[in-house]
Structure formats: C-alpha cells, structure tokens
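Working notes, beginning with the structure itself.
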Amino acid sequence: MGKLIIIGAGGVGNVVAQKCAREKDVFSKILLASRTKSKCDAIAANIGQPHVTTAKVDADNVQELIQLFKSFKPDMVINVALPYQDLTIMDACLETGVHYLDTANYEPIDVAKFEYSWQWAYQEKFKKAGLMALLGCGFDPGVSGIYTAYALKHHFDEIHYLDIVDCNAGDHGKAFATNFNPEINIREITQKGKYWENGSWKEIDPLSIHLPIEYPNIGPKESYLLYHEELESLVKNIPTIKRARFWMTFGQAYITHLQVLQNIGMTSIKPIKYQGMDIVPLQFLKAVLPEPSELGENYTGETSIGCQIKGVKDGKERSYYVWNNCKHQDAWKDVQGQGVSYTTGVPAMLGAKMMMTGKWMKAGVYNVEECDPDPFMKEIGAYGLPWNEIVNGQLAFDDYK
Ligand code: NDP
C-alpha cells in the first residue's frame, strides 16, 4: 500500500484516477495534479472520495514537481500528461525517491521524433537510487508488449514475426477528432512509417502501405502501417524477431481531413508569426479540436487491439493471435470516458498496482515485456479488458508467404 500521484487530467488521467481510487488497499492516498486544476477538481468531484485530492502543477518545471512531491510524499507517480514531460517527471522522481510509470515515450516538443534512448539513458540512475521506472504501460505501448511476453512465455520457443493490429471501429459523431491528445496523435501519424525486418529498420512514406485486416467481431478494416514505439523495445528485448510491424485503422474521412490539414500547413510544428506572436500551427489546431475526454458520451462501436505472432514451438511452426475488444459504451458506463482512454488508463492502473504490490518491482528502467506477464494477464480481464487467444487458428491477415 502506498501514496500515488497522477499527473495529467485529460481523457486518460480521468480513467486512471477513477480506477486507482477503487483500489484503496493499494493506493491509500491519491493526488491528481495537472496544468489546469479545474479539470482535476471535476474528476475528483465525480469520484467523490476524500482520499483523492487535487493540485496544480506545471510538469515542464522540475522544481515545481519536486516541491509537490516533497509535500505529498508519494511512493509512485503515474505520468499521463504528455510525452514532453517524461524526463522532467523522471528527474523529479530521482530527486525525491519516487517510482515512475508512463504510457508514452519521451519526445522533444520541437522535433516530431520519439524513441526510447532518452529514457533508457536513465537506467543507471534509477538502479543506483533503488527506484523503478516502467515505460509504456498503456495499451499500445503496454498490453501489446505484455501480450508478446505472454506469447513467448507460454506458446513459443522463438518468435519470428510480430504484427500489432489496432482497430478503432467506433463512431464519435464528430467530423474530425483524435482519440488521444490531438498534437501527439497527429505528430505520430504524419511521420514516416517504419518497420523492423531482418536486423534493420525499413522506412516508408506516411500511410503508404495498407491492407484490409479482419478484426474479431468487427470485420475487415483498412489498416495502415505506422511506426510505433513498442517496436523499438520489443525487437531489442526479443532478438529472435525477424519482422515487427504495427498496423492501425483509419477511416477515409479521417485521412481526407488529415491530408487537407497537412496541405494547408496546419499540422506543422514550426512556429509562425501571427499578429506579432509566435504560434505553432499544430498547437493552434489542437485548441480548436474536441478534447479526447469530450468524446465519450455518444461514442458507439468498439476497439480491437491485438498481437498476431508466428514462430516455432518444439520444432514446429506455430501461429498465435491474442486480442482485446473494448466497447466505447462500456468504458462510458464504467468511468465516463471513451474506449481509447479506457484501454490506456486501465493497464496504467494495473501496472502501477503490479509495482506497488511487489509483483513487478525492481530497480532500473524497464519496458513492460521485461516484467512477468502472468500476474497482469490474470487480473486485466476483471478490470474491464478481457482477452482472447487462438493458437494455430484463424489469423487477422496472412501475408507471410
Ligand atoms: P489529453 O490531451 O486529454 O490530456 C493530457 C493532460 O496532460 C491534460 O490534462 C493536460 O493539461 C496535461 N498536461 C499537458 N501539459 C502539461 C504540463 N506541462 N504540466 C501538467 N500537465 C500537463 O491527452 P490523453 O489523456 O488522451 O493522453 C495522455 C497521455 O496518454 C499522452 O501522453 C498520450 O500519448 C498517452 N496515450 C498512450 C496510449 C497508449 O496506449 N500507450 C494511448 C493513448 C494515449 P491541460 O488540460 O491544461 O491541457
């Protein structure tokens, strides 16, 4: 049992706060802190429990974080603010002796580039301090890595091919909106795609490779090859992988809106002068788009995210598909959030529980696949994200010839 700080009060912050507040045996006191305190207050009022309190913090400012941590004295922090704040929060953790968990790897605000190198560089510091930093414990990254570790532990001697398949077959009724922070989402999708094959990264033009993938209970959906951060840690931690790819569905309307916004310069992260002020077009665009936390109430349909794996077991070829489907309306009923926030926030809560209860606790900086998948897989269904598996059966797609 211990005290927890949650940083970030957006779509994911709401889910994490609500789910953690129900685990009083694990998180004795919770402080929800973010840039806009009124958003924390609204979430805390909805929870209505005296052990959940709120504070204002600018997580770009290490000294402010240190002050907050010194006054609340948390055992761990769940960072569900933005990837820009990962390093400042890790610095404050080291300074004050606090364990760390996040759901997205660091990226500098002025370069749309994400990779683990910056956070992996903290390995020795966390080890020396006897603290744990668990990186990427949402759904993808997060459950995607835990599914892969589970597959390796129980179904394979060697994994050769990994395809992470992510479908959102939901309808939020808006002409254009992103399911998580618009700035981070658009930076991710407009980057070049990348996948791992035979020991090196292959780069492709954005959204230039796509194919229909058959998602359980949903059917075929056009899915686009993107670069996603867990590919980097998975090919490092599971070196037998010959090819690793990540696929995500987008509807035609989403892609058309995105292309128009790109063509007119609205997705640029280079500051421009506007009425004497420097403004970043993508940050301005974020300000006019719906917030992820606003999408839940009328969201219909479901998500389906899983891992399709091929490899060998006992000298024989084997295929394996493991996945979760999550209905947006079920997420709304549980925590008044939408499915994408839910599938991110629930694993973050459970990862923190794994750390606090000692099942995953070890000093250093780790990705989720470096932890024992079994206790997590045992509990995640009861928290709202049940999983299914097929061994040597129907695959979501087959291009292994
Ligand atoms: P939102 O935009 O809804 O929320 C972000 C929150 O962070 C807001 O409350 C925002 O404050 C706060 N914040 C931003 N900057 C600061 C700062 N400097 N100091 C303090 N608080 C700050 O995003 P989401 O909830 O959708 O996403 C949260 C995180 O989850 C992101 O990092 C995203 O990449 C990650 N994610 C991970 C997924 C996974 O599966 N692994 C999937 C989806 C998301 P304010 O309200 O003032 O803007």
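Going by our numbering, the first residue of the sequence shown is number 636, and it counts up by one from there. For glycine and all other residues, C-beta sits at the position ideal for the given N, C-alpha and C.
#1: Let me check understanding here. Comparing Cα to Cα, which of Val915, Met901 and Gly900 lies closest to Gln907?
#2: Is Leu722 helix, strand or coil when you go by DSSP?
#3: Can you tell me the Cα-Cα spacing of Leu861 and Pro847, whole angstroms?
#4: Applying the 10 Å Cβ sphere with the 16-neighbour rule, what's the burial state of Gly780?
#5: Please state whether DSSP places Asp1034 in a helix, a strand or coil.
#6: Is the separation between the beta-carbon of Ile678 and that of Gly646 shorter than 8 Å?
#7: For Asn820, name the three-state secondary structure that DSSP assigns.
#8: Mind the definition here: the segment 721-735 touches the segment 757-775 only if three or more C-beta pairs lie below 8 Å; say whether that holds.
#9: Verify whether the separation of the beta carbon atoms of Leu700 and Thr723 is less than 8 Å.
#10: Label Asp1033 either buried or exposed according to how many other C-beta atoms from any shown protein chain fall within 10 Å of its C-beta, with 16 as the threshold for buried.
#11: What did DSSP end up calling Ile876 once you bin it into helix, strand or coil?
#12: For Trp1022, which three-state DSSP category applies?
#13: Going by other Cβ atoms of all chains shown within 10 Å of its Cβ, with 16 needed for buried, is His734 buried or exposed?
#14: From the DSSP output, in three-state form, read off Gln943 for me.
#15: Can you give the Cα-Cα distance for Lys994 and Lys664, rounded to whole angstroms?
#16: Are the CB atoms of Phe815 and Pro982 nearer to each other than 8 Å?
#17: Assuming Lys760 is part of the alpha helix (DSSP H), what are its boundary residues?
#18: State the CB to CB distance for the pair Leu736 and Gly986, rounded to an integer number of angstroms; the pair is presumed to be in contact (CB under 8 Å).
#19: Per DSSP, Arg953 is paired with what?
#20: Between the segment 871-890 and the segment 793-800, are three or more C-beta pairs nearer than 8 Å?
#21: What does DSSP give as the partner residues of Tyr859 in its beta bridges?
#22: Between the C-alpha atoms of Cys1006 and Lys762, what's the straight-line distance to the nearest angstrom?
#23: So, does the segment 965-973 touch the segment 925-934, judging by three or more C-beta pairs under 8 Å?
#24: Within 8 Å, do at least three Cβ pairs link the segment 1022-1030 to the segment 949-957?
#25: Report the residue ranges of all beta strand (DSSP E) runs contained in full by the segment 790-814; include only those spanning at least 3 residues, in chain order.
#26: Using DSSP's beta-bridge definition, name the partner residues of Ser903.
#27: My guess is that Val1000 and Trp753 are in contact by the Cβ rule of under 8 Å, so how many angstroms apart are they, rounded?
#28: Is Thr671 close to ligand 1? I mean its beta-carbon at under 7 Å from any heavy atom of the ligand.
#29: In terms of alpha-carbon separation, which member of Asn872, Ile839 and Lys945 lies closest to Tyr859?
#30: Using three-state DSSP, classify His734 as helix, strand or coil.
#31: How is the beta strand (DSSP E) around Phe662 delimited, first residue to last?
#32: For Pro743, tell me which candidate among Ala879, Ile904, Glu1014 and Ile899 has the shortest Cα-Cα distance.
#33: With distance defined between alpha-carbon atoms, name the residue in Tyr850, His845 and Lys871 nearest to His835.
#34: How big is the Cα-Cα spacing for Pro851 and Ser939?
Looking at the coordinates:
#1: It should be pointed out that residue 907 corresponds to Ile in this sequence rather than to Gln. Looking at the Cα atoms, Val915 is the closest of the given residues.
#2: helix
#3: 14 Å
#4: buried
#5: coil
#6: no
#7: helix
#8: yes
#9: yes
#10: exposed
#11: coil
#12: coil
#13: buried
#14: strand
#15: 20 Å
#16: no
#17: Gln758 to Ala764
#18: 6 Å
#19: Gly946
#20: yes
#21: His845 and Met883
#22: 16 Å
#23: yes
#24: yes
#25: 793-806
#26: According to DSSP, Ser903 bridges with nothing at all.
#27: Actually they are not in contact, since the Cβ atoms of Val1000 and Trp753 sit about 11 Å apart, beyond 8 Å.
#28: yes
#29: Ile839
#30: strand
#31: Phe662 to Ser669
#32: Ile904
#33: Here residue 835 is Ser; the residue named in the question, His, does not match the sequence. Nearest of Tyr850, His845 and Lys871 to Ser835, Cα basis: Lys871.
#34: 7 Å
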